[in-house]
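Down below is the structure, laid out as structure tokens.
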Amino acid sequence: MNQYKNFFPIMRHYKDLAYLDNAATSQKPDMVIDAVADYYKQENANPLRGLYELSQKATDAYENARKKIAEFIGAAKQQEIIYTRNASESLNIVAYSLSDLLLSKDDEILISVMEHHSNMLPWQQAAKRHQAKLVYLYPDKNGLITIDELKNKLSAKTKILSLTQLSNVLGAEQNLKELIKIAHANKTIVSVDGAQAIPHNKIDVQALDCDFYSFSGHKMYAPMGIGVLYGKEKYLEEMPPFLTGGEMIDYVDEQSATFAELPYKFEAGTQNVGGAVGLSAAIDFMESIGYDTIIKRETELGRFAGEELSKLPYVTIYGDNDFSQHHGVIAFNIEGIHPHDVASLMDSGNVAIRGGHHCAQPLMRYLKCNFCCRASIAFYNDEEDITKLINRTKYIRSYFNGAQ
Amino acid sequence: MALNNIYNEILMEHNTHPDHKHKLSVSSDCKTAINPNCGDEVLVKKGINPSCGDEIVLELNIEDDIIKDAAFNGQGCAISQASTDIMADLIIGKKIDEAVELTDLFIKMVRGEEKDEEKLEQLDEAMALKDIAHMPARVKCAVLAWHTLNEMLKEKKTAE
Chain A
197 MNQYKNFFPI MRHYKDLAYL DNAATSQKPD MVIDAVADYY KQENANPLRG
247 LYELSQKATD AYENARKKIA EFIGAAKQQE IIYTRNASES LNIVAYSLSD
297 LLLSKDDEIL ISVMEHHSNM LPWQQAAKRH QAKLVYLYPD KNGLITIDEL
347 KNKLSAKTKI LSLTQLSNVL GAEQNLKELI KIAHANKTIV SVDGAQAIPH
397 NKIDVQALDC DFYSFSGHKM YAPMGIGVLY GKEKYLEEMP PFLTGGEMID
447 YVDEQSATFA ELPYKFEAGT QNVGGAVGLS AAIDFMESIG YDTIIKRETE
497 LGRFAGEELS KLPYVTIYGD NDFSQHHGVI AFNIEGIHPH DVASLMDSGN
547 VAIRGGHHCA QPLMRYLKCN FCCRASIAFY NDEEDITKLI NRTKYIRSYF
597 NGAQ
Chain B
4 MALNNIYNEI LMEHNTHPDH KHKLSVSSDC KTAINPNCGD EVLVKKGINP
54 SCGDEIVLEL NIEDDIIKDA AFNGQGCAIS QASTDIMADL IIGKKIDEAV
104 ELTDLFIKMV RGEEKDEEKL EQLDEAMALK DIAHMPARVK CAVLAWHTLN
154 EMLKEKKTAE
């Protein structure tokens, strides 16, 4: 077992498993699991409210994690970090609250056809509520939104652009900085779905100059159920709250209420403090490995997987022919075999991949494939995992061909 | 679980060479099989598996309460395609009530709720899908056609 897999108890438990579904969720290292357990063993109480020492410890754990997250993504202020359950919830907050603030009839919202359903359906709903128009950007053959495509689709009515930084199917990273500059010049506010990007690349929200940035913890080695919405303070201040209730108020009387200051205005109800502590530990974990190592390993393994698969004449791979640009995400089909059969037959050979539409049905139709298989790599994978994937692909093909 | 318990010869054969994957020839005054004006004899129903987007369209030719012919179209995985073809084999010549009972039995079998081999023998080749019960993620693929048929026959009964 390679030294990186050894950090993960699940890898020690399933020694023969080639886990290649990291774009769905990553495995969790000891460091994260232990941090969550320690929090519940030694610091658990309801934060922000209690007037006793243990509650203060829980509050500190919660707020220290927020500080670490702010530093990790280069946010200017801690209060720009809102805890959520996951990227989907973060994107829903932006789509509901920002559209309530900004949108009028006939305004336009711009997204790409590559969006995960979580950065598509909230905008469909927002467009319906405000009688606005949802306009689509289409990628080039490598999965990139070109400057021209953006310029063609922006209009005086485009109030919001919400774009994935890295497609969960094609693995291509958008040239966000340039795209954001152009959108801003058009007075368009930019929201970024960073769920797939943040596990693979160092993010600096101020350098990108995005107005909102959403991501999940569970794809970057943290527990499920904790996510983040970063938003520029000036917008978060103006936006109405999303959920209302406990912990998010300033003063309440029978008919009205005033709301708490940022970030608490967007954090109704008792929060997932254990998850926040786990996310903080996941950041420590990633920093201890280092993005240099993460990027190098994922790039090399992605290239290896893409090149080996593309040698098989019955395999079609989607996206850039330069597989080092895929961030370890390889979407493919084996000719004549449905991805669900492929995934089941991979599973019986201890290879875990995803098969289906990847929560991106419009993109699948755009690629004219309806569904596909996806192997997605994390830095803890190794050549042995990829070799298993390739060998199993050959086996599945011969198994089905033998039946003809 | 051993791979060949699921992807066995029967399933692979029905997937590769389905007997009933075609459009039913219906009376000449009917332009398309999906046209609701086709007449009472041809029933058409579409089934969708939302988790994978698989779609099948089932067509039945029913006369005097007996399923005279059955056919399907659509795309899907080997399990859903073979399961549909096996089902068509099984129900042709059966009375509506018998077919409904068989679909109920099949659904119980793949959910692991019915294990009595004697009862299950009524399912004939569809017994080849018994071990799907051990692959919960794929049960939906196997039952798509059977659910669709079950619903369409019950709808017909209700309409009468």
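Residue numbers (this note's numbering), protein chains in the order written: chain A, 197 to 600; chain B, 4 to 163. For each residue, glycine too, the CB sits at the ideal point set by N, CA and C. It should be emphasised that the depicted structure is a prediction, and the values quoted were computed from it without experimental measurement.
When CB distances to chain A are screened at a threshold of 8 Å, the residues of the region 129–143 of chain B falling below it are 138, 140, 141, in chain order. Of all residues in the region 86–111 of chain B, none has a C-beta nearer than 7 Å to a C-beta of chain A. Close to residue 82/B, with beta-carbon spacing below 9 Å, are these residues of chain A in chain order: 534, 536, 537, 540.
For residue 383/A, the closest alpha carbon among the candidates 391/A, 373/A, 355/A is that of 355/A. Secondary structure of residue 512/A (DSSP, three-state): strand. DSSP places residue 425/A inside the beta strand (DSSP E), whose first and last residues are 423–427.
CA-CA distance, residue 333/A to residue 51/B, rounds to 28 Å.
The alpha-carbon of residue 374/A is positioned some 57 Å away from that of residue 106/B. Remark: fewer than three beta-carbon pairs, one from each stretch, lie closer than 8 Å, so the region 207–215 of chain A and the region 448–465 of chain A are not flagged as touching. Residue environment: residue 428/A is assigned as buried (16 or more neighbouring CB atoms within 10 Å of its CB, all protein chains considered). Here DSSP, grouped into helix, strand and coil, assigns residue 525/A to strand.
Within the DSSP bridge table, the entry for residue 45/B names 64/B as partners.
For residue 233/A, no beta strand (DSSP E) encloses it; the enclosing alpha helix (DSSP H) starts and ends at 226–238. Residue 395/A is a Cβ neighbour of residue 415/A, given a cutoff of 7 Å. In summary, residue 17/B is buried, with 16 or more beta-carbon neighbours lying within 10 Å of its beta-carbon over all protein chains present. When Cβ pairs closer than 8 Å are counted between the two stretches, the region 90–105 of chain B is seen to touch the region 66–75 of chain B, the count reaching three or more. 552, 553, 557, 560, 566, 567: these are the residues of the region 552–568 of chain A whose beta carbon lies less than 9 Å from some beta carbon of chain B, given in chain order. By the Cβ rule, the region 534–552 of chain A does not count as touching the region 495–502 of chain A, because fewer than three pairs are nearer than 8 Å.
Its Cα nearest to that of residue 25/B, the residue 84/B stands out among 8/B, 84/B, 108/B. Short of 7 Å from the beta carbon of residue 515/A, and not among the five residues preceding or following it, lie these beta carbons of its own chain, in chain order: 338, 339, 366, 367, 368, 522, 527. The Cβ atoms of residue 470/A and residue 236/A lie closer than 7 Å to each other. Inter-residue distance for residue 20/B and residue 572/A is about 34 Å (C-alpha atoms, whole angstroms). Residue 431/A carries a helical assignment under DSSP once its states are collapsed to helix, strand and coil.
Beyond the five residues adjoining it in sequence on each side, residue 536/A comes within less than 6 Å, by CB distance, of 551 in the same chain, given in chain order. Counting of Cβ neighbours within 10 angstroms places residue 137/B among the exposed residues, the total staying below 16. Of the residues 424/A, 525/A, 590/A, 371/A, the one whose Cα lies closest to the Cα of residue 262/A is 424/A.
With 16 or more other Cβ atoms from the protein chains shown falling within 10 Å of its own Cβ, residue 388/A counts as buried. Residue nearest to residue 553/A within the set 529/A, 575/A, 227/A is 529/A (criterion: CA-CA distance). A buried status is given to residue 444/A, since no fewer than 16 other beta-carbon atoms sit within 10 Å of its beta-carbon.
Between residue 299/A and residue 434/A, the beta carbon gap of about 13 Å keeps them out of contact (Cβ cut-off 8 Å). The DSSP assignment places complete alpha helix (DSSP H) segments of no fewer than 4 residues inside the region 342–370 of chain A at 343–349, in order along the chain.
Out of 268/A, 532/A, 486/A, the CA that lies nearest to the CA of residue 409/A is found in 268/A.
Per the DSSP secondary-structure output, residue 75/B pairs in a beta bridge with 24/B, 61/B. Per DSSP, the unbroken beta strand (DSSP E) holding residue 387/A starts and ends at 385–389. Residue 156/B and residue 110/B have their alpha carbons spaced roughly 15 Å apart.
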